[in-house]
Amino acid sequence: MKICILTIATNQYLQFIEKLYSDIAEKFIPESEINCLLFTDHEIEETSDNVKVHYIDHEPWPMPTLKRYNYFVKEKDFILQHDYCFYMDADMRIDAPVGQEILGDLVATRHGYQSYHDPKNQSFDRNPKSLAYVDPSEKTVTYYAGGFNGGKTQNFMKMSEVIADRVNKDLENNVVALWHDESHMNRYLIDNPPTLDLSPEYCYAEEFIGSNYPLQNPKIIALKKNHAELRS
Numbered sequence: 005m006k007i008c009i010l011t012i013a014t015n016q017y018l019q020f021i022e023k024l025y026s027d028i029a030e031k032f033i034p035e036s037e038i039n040c041l042l043f044t045d046h047e048i049e050e051t052s053d054n055v056k057v058h059y060i061d062h063e064p065w066p067m068p069t070l071k072r073y074n075y076f077v078k079e080k081d082f083i084l085q086h087d088y089c090f091y092m093d094a095d096m097r098i099d100a101p102v103g104q105e106i107l108g109d110l111v112a113t114r115h116g117y118q119s120y121h122d123p124k125n126q127s128f129d130r131n132p133k134s135l136a137y138v139d140p141s142e143k144t145v146t147y148y149a150g151g152f153n154g155g156k157t158q159n160f161m162k163m164s165e166v167i168a169d170r171v172n173k174d175l176e177n178n179v180v181a182l183w184h185d186e187s188h189m190n191r192y193l194i195d196n197p198p199t200l201d202l203s204p205e206y207c208y209a210e211e212f213i214g215s216n217y218p219l220q221n222p223k224i225i226a227l228k229k230n231h232a233e234l235r236s
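In my numbering, each number is its position in the sequence shown, counted from 1, plus 4.
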């Protein structure tokens, strides 16, 4: 079984990659063959044999995250050489073994904060000018986190192509969705529900650890950080 891990590391986010890749090698479906596809605006002199680097233009925030699905589409041929692919934010840490329980046709992770809100109060994009728009009258199941998602490569690339096209059309109209790529992903998943719905323990905010948060067995940690500093 071949798995492709997609990660974007621009600006100061590159500092997280070495530890993340070490965690992946040790704890992420170790019985599989894993290749990492890294999108970055940094020059990288050396990588291991299982890391492919795709250089992207340096752009101000939020373009590196908003355009992520455009980046994926450009590497479609490489990604489709694998059985599954998963996107992971660069600033993640794997704290417990992640096994084949995450494998599905289309996989999404419930948002740690938003998924506990009443659906009508979850932060879907409410701007009718955006193709990520979700009408308040629509029935929604939950809000998904952009930090960890994936599935079979054919299904993931189908989603990527649709979202990339919608993002590009929004930009042509000078529109940026509320939560960028995450808003577009949630719009897509309302219309095309994931076949596997992971708990927030697979995209778990570090500040939840030791708190009264109802789930206390995290697998993948979204590290606490200074967003402004990392994006500069």
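Just so you know, even glycine gets a beta-carbon here, dropped at the ideal spot from N, CA and C.
Just the C-alpha distance for N135 and N190, rounded to the nearest angstrom, thanks.
If you number the sequence shown from 1, residue 135 lands on position 131. If you number the sequence shown from 1, residue 190 lands on position 186. A small correction: the amino acid at residue 135 is Leu; Asn does not occupy that position in the sequence shown. When rounded, the distance between both Cα atoms is 11 Å.
Taking 8 Å as the cut-off, decide whether the C-beta atoms of Y73 and A13 are in contact.
Along the sequence shown, one-based indexing puts residue 73 at 69. Along the sequence shown, one-based indexing puts residue 13 at 9. Not in contact: Y73 and A13 (Cβ atoms no closer than 8 Å).
Suppose the cutoff is 6 Å on Cβ atoms and the five residues either side in sequence are ignored; what does the same chain contact list for P218 look like?
On the sequence shown, position 214 is the one that residue 218 refers to. Nothing meets the Cβ criterion.
In whole angstroms, what is the alpha-carbon distance linking V77 and Y120?
Working through the sequence shown from its first residue, we reach residue 77 at position 73. Working through the sequence shown from its first residue, we reach residue 120 at position 116. The straight-line gap from Cα to Cα measures roughly 32 Å.
Can you tell which of K133, G155, L227 and K143 has the C-alpha that lies nearest to the C-alpha of A181?
As a working mapping, residue 181 is identified with position 177 in the sequence shown. Cα-wise, what sits closest to A181 is K133.
Relative to the alpha-carbon of K124, which residue among E205, T146, D45 and E165 has its alpha-carbon at the smallest distance?
For the purposes of this step, residue 124 is taken as residue 120 along the sequence shown, with counting starting at 1. Checking every option, the nearest Cα to that of K124 belongs to T146.
How about the stretch 213 to 227 and the stretch 156 to 173: do they share at least three Cβ pairs that are nearer than 8 Å?
With a cut-off of 8 Å, the stretch 156 to 173 and the stretch 213 to 227 do not count as touching, because too few Cβ pairs lie within range.
Using 8 Å as the threshold, is the C-beta distance between G116 and A209 below it?
On the sequence shown, position 112 is the one that residue 116 refers to. On the sequence shown, position 205 is the one that residue 209 refers to. Taking 8 Å as the Cβ cut-off, G116 and A209 qualify as a contacting pair.
What would DSSP say about Y117, mapped onto helix, strand or coil?
Along the sequence shown, one-based indexing puts residue 117 at 113. If DSSP states are grouped into helix, strand and coil, Y117 belongs with coil.
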